[in-house]
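Engineer:
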């Protein structure tokens, strides 16, 4: 099966699409731009959700659910927000269909026109802040720390599975605070949660930083982000956390009384990650044989494949495999046995490689005699023969090793493709091969736009806690207060 | 706070609405018919979801995600389905807004009209069977056992929080099988899962049965259901499981090759429960003081309230409460301490009663001296003084006792309000006070409609495994093969 996957070198974009389809993660649906997330892909999302959800709850957040629809007038209330979002969205104008005159099909009932059109939420700041208005009166009601797991719709013209789809699944946190300081701290704290999650669960190193004004979320004062490097050297924005100032509180008139009885607008943040992370996961780690999944989010961590000829040998194998399976399960490892008798082992090996199952155990008649197991790891594609004794300890530590090896490999890749440049000519030449570029920039939107026009690269972020070395903009020579990260991006 | 809740006897419907709002479960939003599920209500839903999701996975199902939108033409493909669903739904006709000429607000961009309108899913059979067409070729691809957790929209004219809202959250299982027998077995099995869940988690006894033709799901061959009795004697349909025959496979041309290479249409089921279950939970158990929640789904199982005067006493209490808290948490009990110093204990007691927290522990200075705790249980509103030693064992067994007591109480209530009637006059008289009526019916839609018109009662279901005693229809005197359940319903 893996043979049908285009190689990364040949065509990275086609390789990605091949993998998503052939590994059974997702597919395009009959509705333009909307995907079907298949069981294997959804299971990956569930694992990601469950880890994130716990992290949100451990930091004091609660889940809630707000309406799918947003009245059109709400979008117009926050001026910058509407500019950023209102253009491409799904608009509900009617609430009823009727049979056509010939009775053979359906048409929109013109009598059932909504007084005010409803927008399918592209993000929920407006409907949520309209709700918070009733929840917040005093400083005692703050902070308000809600998260929502939901589907959202943005009518994208060019879509790609997971990376950019009209409908996608995400979480959006929306918090309300009594002070600017507390809201900024919250936005930074949640960026930290995302960085932690990317590092420890997805095995993806990310740069944390602040967006420039031109890349900022519509309605935000500051947009913090995590940026990951894909294997083609492009950047992928993997999560954002916004300090919204008092913008939405002003737009929806949400005030609170302080301890001293003074009325002031509430301070806000919002933050989100989406099914786009699945795209990041694939492009950061996978290879020409298929997916390579970090054990901590893999839907299946271990597959056991008995090598047998005929029913009798299979029977003998089965009890043996079951014993290993339950010893692994006792250690909390997800495992299945594939004893299908209509497929060759080689075919199965290729299939699990394609699906990125971290560890494969193969057991043949000779292994039973010798008390051994063949253990193959997906990340390095290496094999070893180990004793069946303490197999669960061996596999447990192997899974931990794969997890950290994948992170280190991705980190090494990023370091090897991160360049400090001072010459614009050098930048223009090197950017063709991808990578992150630490360069000085004069801080103006004009320079940023010019560089984008000439190189297709943008400022991915102004790194947090990075080197504060001052310098001169590589293009204009004007002063710069610190190096920023330039890259082409998804 | 509880004083503001209308009593059940006074106005059951208002009592329900009061509770939902005052206990902080949900509220109406700015979008007509759509609710906001508040954190406390959503936490209840999360607990229900997690129990159900495990039950689905334990019975071999996997989760997936299908598009929110359904092309209009899909709805017309299954003739009965469209009759049942197409009328009231949210129709997306455009994909872009633009600024109005004065630049002050937004309007639909007439240039951005969709070629084919999209319907926000009222249920997903059509889009899913259009997808299954590509997933199923041979008997080896069957059974296909998918579930989806999603939001759906039905443009209801009269809405009530949780019970009937335009948008609601639910799960919808959609399975595909090689034989009729297997599909019927699946539909019945999932009905069993729902019954089990209602009984063991929600503490609600339900009658399992089959719907009459007039109450059947649009497109189903048979609709199985669970019906619960509310405290006003009305029935609430709490979950349905449909045997869809080959109807959707025919409509979307989904065929499979059998082992012998014969092509045939695939057999289908679908089944779902929704946030409506929260409404059932409230109306089955709660009282005039507020919610009464079964411990197994309660967002919070135990609250500890220190009774103190001044900061010094509070400090003394705090360590003590923390010790009890951690011993309870070690037993897997969810617990919080409420040591807010700006509220009287009496106020707190009423608040947790309103929220239906199953167990309340109150600890005063005298308790510390005596090594005792005051334990109050929400279901019976009784209190006892117990020793602090082995408090976690006491509370654990108390929670189990509350869970079973709530079930037994609801079962007793149902039994006391279930009547076997043979006279239509007696039926007409008694139905005014609510209850379930086991009566003979001639099996015709005409008689059913007439009874509904005259009494507002419908056949809730033809019970499965019930008494097979034959008899004569209470209205027409025509033969009946078994008693059915009549009731007024939500």
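Residue numbers (my numbering), protein chains in the order written: chain A, 1 to 490; chain B, 491 to 980. Think of the CB as a built atom: it goes at the ideal place given N, C-alpha and C, for glycine as much as any other residue.
#1: Of all the residues that make up the segment 80 to 97 of chain A, which are near chain B by a beta-carbon distance shorter than 8 Å?
#2: Please report the straight-line C-alpha distance between residue 113/A and residue 765/B, rounded to a whole angstrom.
#3: Is the shortest distance between the beta-carbon of residue 744/B and the beta-carbons of chain A less than 8 Å?
#4: For residue 840/B and residue 890/B, I'd like the C-alpha separation in whole angstroms.
#5: Compute the Euclidean distance between the alpha carbons of residue 797/B and residue 835/B, then round it to the nearest angstrom.
#6: As a quick exercise: from 780/B, 656/B, 530/B, 974/B, pick the residue whose alpha carbon is nearest that of residue 908/B.
#7: Given that a residue counts as buried once 16 or more other Cβ atoms are within 10 Å of its Cβ, and exposed if not, what is residue 957/B?
#8: In the DSSP assignment, find the alpha helix (DSSP H) that holds residue 20/A and state where it starts and stops.
#9: On the premise that residue 615/B lies in contact with residue 682/B, defined as a C-beta separation below 8 Å, what is that separation, rounded to the nearest angstrom?
#10: Which bits of chain B does residue 43/A rub up against, with CB to CB less than 8 Å?
#11: Compute the Euclidean distance between the alpha carbons of residue 642/B and residue 583/B, then round it to the nearest angstrom.
#12: Which bits of chain A does residue 521/B rub up against, with CB to CB less than 7 Å?
#13: Which of the three DSSP states is assigned to residue 217/A in this structure?
#14: Indicate whether at least one CB of chain A lies closer than 8 Å to the CB of residue 491/B.
#15: Looking only at its chain, what residues have a beta carbon closer than 6 Å to the beta carbon of residue 469/A, apart from the 5 residues adjacent to it on each side?
#16: Can you have a look at residue 154/A and say buried or exposed, based on whether 16 or more other CB atoms are within 10 angstroms of its CB?
#17: Please state whether DSSP places residue 173/A in a helix, a strand or coil.
#18: Would you decide whether residue 110/A is buried or exposed? Buried here means 16 or more other CB atoms lie within 10 Å of its CB.
#19: If you draw a straight line from the alpha carbon of residue 42/A to that of residue 160/A, how long is it in whole angstroms?
#20: Could you name the residues of the same chain whose beta carbon sits closer than 8 Å to that of residue 475/A, not counting the 5 residues immediately before and after it, in chain order?
#21: So what's residue 760/B in DSSP terms, helix, strand or just coil?
#22: Nearest chain A C-beta to residue 614/B closer than 8 Å, yes or no?
#23: Would you kindly work out how many angstroms separate the C-alpha atoms of residue 2/A and residue 747/B, rounded to a whole number?
#24: Could you check what DSSP says for residue 45/A in three-state terms: helix, strand or coil?
#25: Helix, strand or coil for residue 499/A per DSSP?
#26: Are residue 785/B and residue 892/B touching if we call contact CB-CB under 8 Å?
#27: Would DSSP call residue 307/A helix, strand or coil?
#28: Please name the residues in the segment 149 to 170 of chain A whose beta-carbon is closer than 9 Å to at least one beta-carbon of chain C, in chain order.
#29: Do you know how far the Cα of residue 22/A is from the Cα of residue 9/A?
#30: Can you check whether the CB of residue 291/A is closer than 8 Å to the CB of residue 354/A?
#31: Out of 88/A, 29/A, 482/A, 138/A, which one is the CA nearest neighbour of residue 123/A?
#32: What number of angstroms, rounded off, separates the C-alpha of residue 852/B from the C-alpha of residue 898/B?
#33: Alpha carbon to alpha carbon, how far is residue 250/A from residue 76/A?
#34: Checking contacts by CB at 8 Å: is residue 536/B closer than that to chain A?
#35: Using only alpha-carbon positions, find the residue among 870/B, 871/B, 885/B that is nearest to residue 863/B.
#36: Start and end of the alpha helix (DSSP H) containing residue 98/A?
Structural biologist: Working from what's here:
#1: From the segment 80 to 97 of chain A, only 82, 86, 87, 88, 89, 90, 91, 92, 93, 94, 95, 96, 97 have a Cβ closer than 8 Å to chain B.
#2: Rounded to the nearest angstrom, the two C-alpha atoms are 28 Å apart.
#3: So no, residue 744/B is outside the interface.
#4: In a straight line, the C-alpha of residue 840/B is about 23 Å away from that of residue 890/B.
#5: Taking the CA atoms as reference points, residue 797/B sits about 7 Å from residue 835/B.
#6: When 780/B, 656/B, 530/B, 974/B are compared, the shortest CA-CA separation from residue 908/B is found for 974/B.
#7: So residue 957/B ends up on the exposed side.
#8: 12 to 22 is the span of the alpha helix (DSSP H), which, as asked, contains residue 20/A.
#9: Taking 8 Å as the upper bound for CB-CB distance, residue 682/B and residue 615/B are not in contact here, some 22 Å apart.
#10: Within 8 Å Cβ-Cβ: 552, 553.
#11: When rounded, the distance between both Cα atoms is 18 Å.
#12: Correct list: 67, 69, 71, 118.
#13: In this structure, residue 217/A counts as coil in the three-state DSSP scheme.
#14: Low confidence applies to residue 491/B: its pLDDT is 44, below 50, so where it sits in the model is not reliable enough to give any reading.
#15: Close CB contacts of residue 469/A within its chain, under the 6 Å cut and outside five residues either way in sequence, are absent.
#16: Buried, because 16 or more other Cβ atoms sit within 10 Å of the Cβ of residue 154/A.
#17: Three-state DSSP puts residue 173/A in a strand.
#18: Around the beta-carbon of residue 110/A, fewer than 16 other beta-carbon atoms lie within 10 Å, marking it exposed.
#19: Each residue's alpha carbon lies about 17 Å from the other.
#20: Excluding residues up to 5 positions away in sequence, 424, 441, 442, 447, 450, 451 lie with their Cβ nearer than 8 Å to the Cβ of residue 475/A in the same chain.
#21: Collapsing the DSSP output to three states places residue 760/B in a strand.
#22: Cβ-Cβ to chain A under 8 Å: no for residue 614/B.
#23: Confidence at residue 2/A is low in this model, with a pLDDT of 48, below 50, so the placement of that residue should be treated as unreliable; the coordinate-derived value is given next. Between the alpha carbons of residue 2/A and residue 747/B lies a gap of roughly 26 Å.
#24: In the structure shown, residue 45/A sits in a helix (DSSP, three-state: H, G or I).
#25: The structure shown does not extend to residue 499/A, since chain A spans only 1 to 490, so no value can be given for it.
#26: The answer is yes: Cβ separation under 8 Å.
#27: Reduced to three states, the DSSP call for residue 307/A is coil.
#28: Looking at the structure shown, chain C is missing, and the protein chains on hand are A and B.
#29: For residue 9/A and residue 22/A, the distance between alpha carbons rounds to 18 Å.
#30: A Cβ-Cβ contact shorter than 8 Å links residue 354/A with residue 291/A.
#31: The residue with the shortest Cα to Cα distance from residue 123/A is 88/A.
#32: For residue 852/B and residue 898/B, the distance between alpha carbons rounds to 27 Å.
#33: Computed Cα separation, rounded: 13 Å.
#34: Yes, contact with chain A.
#35: When the alpha-carbon of residue 863/B is set against those of 870/B, 871/B, 885/B, the nearest one is in 885/B.
#36: For residue 98/A, there is no enclosing alpha helix (DSSP H); the residue is found in the beta strand (DSSP E) stretching over 88 to 99.
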